[in-house]
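Heads up: the structure comes next, in structure tokens.
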Amino acid sequence: MHASTPTLRLILGDQLNANHSWFASVEAHVLYLIAELPQEASYVTHHVQKVQAFFLAMAHFGQVLSDRGHRVCHLTLDQTVQFDDLEALVKQVMTEHRLDRFEYQRPDEYRLRVQLRAMSEALGCPSDGVETEHFLLSEAEVEALFADGKSRRMEQFYRSMRKKTGILMSGGQPVGDRWNFDQENRKKLPKSWSPPVPLLFENDTQKVDERLARHRIQTWGVAQAQLVWPVTLAQAEALVQDFVARLLPLFGRYQDAMTDRDWALYHARISFALNCKMVTPQWLIGEVLKAYEQDPVTYELASVEGFIRQVMGWREYVRGIYLSQMPEYGQTNALANDRPLPAFYWTGETKMRCVAQVVEQTRAYAYAHHIQRLMVTGNLALLLGVAPDAVDEWYLSVFIDAIEWVEMPNTRGMSQYADGGFLASKPYVSSGKYIQRMSDYCQGCTYNIDERSSEDACPFNSLYWAFLHRHQSTLGNNQRMAMMYSNLKRIPTVELTDILNRADAVRRDPDTF
Ligand code: SF4
398 MHASTPTLRL ILGDQLNANH SWFASVEAHV LYLIAELPQE ASYVTHHVQK
448 VQAFFLAMAH FGQVLSDRGH RVCHLTLDQT VQFDDLEALV KQVMTEHRLD
498 RFEYQRPDEY RLRVQLRAMS EALGCPSDGV ETEHFLLSEA EVEALFADGK
548 SRRMEQFYRS MRKKTGILMS GGQPVGDRWN FDQENRKKLP KSWSPPVPLL
598 FENDTQKVDE RLARHRIQTW GVAQAQLVWP VTLAQAEALV QDFVARLLPL
648 FGRYQDAMTD RDWALYHARI SFALNCKMVT PQWLIGEVLK AYEQDPVTYE
698 LASVEGFIRQ VMGWREYVRG IYLSQMPEYG QTNALANDRP LPAFYWTGET
748 KMRCVAQVVE QTRAYAYAHH IQRLMVTGNL ALLLGVAPDA VDEWYLSVFI
798 DAIEWVEMPN TRGMSQYADG GFLASKPYVS SGKYIQRMSD YCQGCTYNID
848 ERSSEDACPF NSLYWAFLHR HQSTLGNNQR MAMMYSNLKR IPTVELTDIL
898 NRADAVRRDP DTF
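For the sequence shown, the residue numbers in my numbering are 398 to 910.
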């Protein structure tokens, strides 16, 4: 019966998968709805480039479907602001087009998943939610793997994915006889290094900008003259092909390096296109593997494995954590952190050069790479004791690729240890020494990286020891932190008192540092 029932199919902004089985054939009874929604543009104060990128990508996707012969209703904010909510909008479109059935792809975000489930019931018509058909693991496979609710480490999950897919496997063993080449992937950029010129796009945002202004959508960050992010499949594919041809050979070696000389380095910057599902993880992994198989000398295994681990391991793993642990995961705060987020996370106005650089880069491009996110802004928030809700909101707001299912496990779990070690075996905290080792930020900083308690001491240093001291009863028995705690014990009492006083001053008023 429902094979020819007039049907509305909703496509959300992060569901731009042209290979979805929905689109395998043109069905005259189906209308696809792609709509710029005020609720999605404002559930946090997004970076302006993030809203521009989503809206442009959605419009292009609607055009692609139309060109293939599908019936598409693409609505902009101009048409959607009049509706109180998504349900009212969907009801109106269904009435106007005389549609009797509602279908949607199940969102990855818990917030939207609950909303669409409730909305489907409230509509009072036949409805169905289907998979997005994007991830390597189906929802049923995620359910089977994570349903026990037990903590499992990424490395264990990743190895099982390698075995399951056979990727980078030979005779049941990992290619290169190791699962992990992290040791080779921690190089600092040479002093004489000059950055590779990043492939940037020139997407016109004028009409989107006018709509955002007209409907008073609050955003953060800098709008470049043209949007540099990929908003079409052709652009996303070009970005990946450029990455593989020019950047992948050195990706692994310098993937943790940080510099004020460039923002893009050797990173693929494909996370936006991947997270809105323009490209599939299968295709992306396939492109990288193809290059490696053709030229294993240029494409070192350490680079190839490091990249594939991010896509096949980490990305699928955090999705499993999120799907299986929400909504409780969003409430976790194992270290009872309750400080506000310093204003400099938004303004960049701090004398801490590393933080100022990362915030400034983020304002300019809606992007920072994983080590900048983890070991500069994330590290500092944890050392200060900022409430995880505030940290979550910042990460969700400012990065081009931030959608809650991927942002939250990275922020609450990996970066803030708010889940008490469910995801990561220890908190990712460090003194300024790690930042000095992996970057050129410390040269020219107001603060002295070698000092711990003096007036000009690097704030990360005192905060790091104070963090260990403050959480000794919770973390002191963690085997992976044994070295940190034995170093803490070696600090003479008088000096430790000075360090703790310095850290107190930083935590009391971080915005003055
Ligand atoms: Fe950051 Fe400290 Fe280095 Fe300054 S000295 S850039 S605050 S790590």
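Where a beta carbon is used, it is the ideal one built from N, C-alpha and C, also for glycine.
_Beta-carbon proximity check, Leu636 vs Pro592, cutoff 8 Å_ = no
*In chain order, what residues of the same chain lie with their CB nearer than 6 Å to the CB of Met398, ignoring the 5 residues before and after it?*
Any reading at Met398 needs caution, since the residue's pLDDT is 49, under 50, leaving its predicted position unreliable; the model's value is listed next. If we look at Met398 and ignore the five residues flanking it on each side, it has no Cβ neighbours.
*What alpha helix (DSSP H) runs, 4 residues minimum, are completely inside the segment 621-703?*
630-639, 645-648, 668-672, 678-691
*Which runs of the alpha helix (DSSP H), 4 residues or longer, sit entirely within the segment 747-787?*
750-762, 776-781
_My parser needs the alpha helix (DSSP H) runs of 4 or more residues fully inside the segment 869-910; what are they?_
869-872, 879-886, 890-905
*For Asp901 and Asn375, the rounded distance between their alpha carbons*: The structure shown does not extend to residue 375, since the chain is modelled only from 398 to 910, so the question has no answer here.
*DSSP on Met398, reduced to helix/strand/coil?*
Low confidence applies here, because Met398 scores a pLDDT of 49, under 50, leaving its location unreliable; read the following figure in that light. Met398: coil per DSSP, three-state reduction.
*So, are the CB atoms of Leu353 and Phe499 less than 8 Å apart?*
Outside the modelled stretch of the chain, which goes from 398 to 910, sits residue 353, for which no answer is possible.
*Apart from the five residues just before and just after Val539, which ones in its own chain have a Cβ nearer than 6 Å to its Cβ?*
Gly717, Leu720
*Alpha-carbon to alpha-carbon, Tyr882 and Leu597*: 45 Å
*Relative to the ligand SF4, is the shortest distance from any of its heavy atoms to the C-beta of Cys522 smaller than 7 Å?*
no
*CB-CB under 6 Å to Asp735, same chain, minus the five flanking residues each way: which ones, in chain order?*
Ala784
*Could you pull out every residue in the same chain whose Cβ sits closer than 6 Å to the Cβ of Val755, ignoring the five residues on either side in sequence?*
Ala765, Gln769, Val773, Thr774
*Would you say Pro907 touches the ligand SF4, meaning its beta carbon is less than 7 Å from a heavy atom?*
no
*Is Arg750 near the ligand SF4, in the sense that its beta carbon is under 7 Å from a heavy atom of that ligand?*
yes
*With a 10 Å radius around its C-beta and 16 neighbouring C-beta atoms as the bar for buried, classify Glu725 as buried or exposed.*
exposed
*Is the beta carbon of Gln813 within less than 7 Å of some heavy atom of the ligand SF4?*
no
_Contact set for Gly703: own chain, Cβ-Cβ below 8 Å, skip 5 residues either direction_ = Phe578, Asp579, Asn582, Phe648, Gly649, Gln652
*Compute the beta-carbon to beta-carbon distance between Pro824 and Leu777, rounded to the nearest angstrom, for a pair I have assumed lies under 8 Å.*
About 13 Å; that fails the 8 Å criterion.
_Closest by C-alpha distance to Leu513, when choosing among Leu483, His531, Phe532, Thr492_ = Leu483
*Run the proximity test for Gly829: is its beta-carbon closer than 7 Å to any non-hydrogen atom belonging to the ligand SF4?*
yes
*Is Tyr861 near the ligand MN, in the sense that its beta carbon is under 7 Å from a heavy atom of that ligand?*
This structure lacks the ligand MN; its bound ligands are the ligand SF4.
*asked:* Using the three-state DSSP reduction, which class does Trp617 fall into: helix, strand or coil?
replied: strand
*Would you call the segment 707-714 and the segment 553-560 touching, i.e. three or more CB-CB distances under 8 Å?*
yes
_Pick from Arg613, Ile431, Ala454, Leu407 that is closest to Ser524, judged by C-alpha positions_ = Leu407
*Pro739: beta carbon under 7 Å from a heavy atom of the ligand SF4?*
no
*asked:* Rounding to the nearest angstrom, what Cα-Cα distance links Val903 and Leu781 in this structure?
replied: 8 Å
*DSSP state of Asn600 mapped onto helix, strand, coil*: strand
*Every unbroken alpha helix (DSSP H) inside the segment 488-560 [4 residues or more]*: 507-520, 536-543
*asked:* Using CA atoms only, rank isn't needed, just tell me which of Thr442, Glu801, Gln412 is closest to Arg338.
replied: Because the chain here runs from 398 to 910, residue 338 falls outside it and cannot be looked at.
_Close beta carbons around Arg511, own chain, < 6 Å, minus the five adjacent residues each side_ = The amino acid at residue 511 is misidentified as Arg; the sequence shows Val. Around Val511: no qualifying Cβ.
*How would you label Lys687, buried or exposed, when you count the other beta carbons within 10 angstroms and need 16 or more for buried?*
exposed
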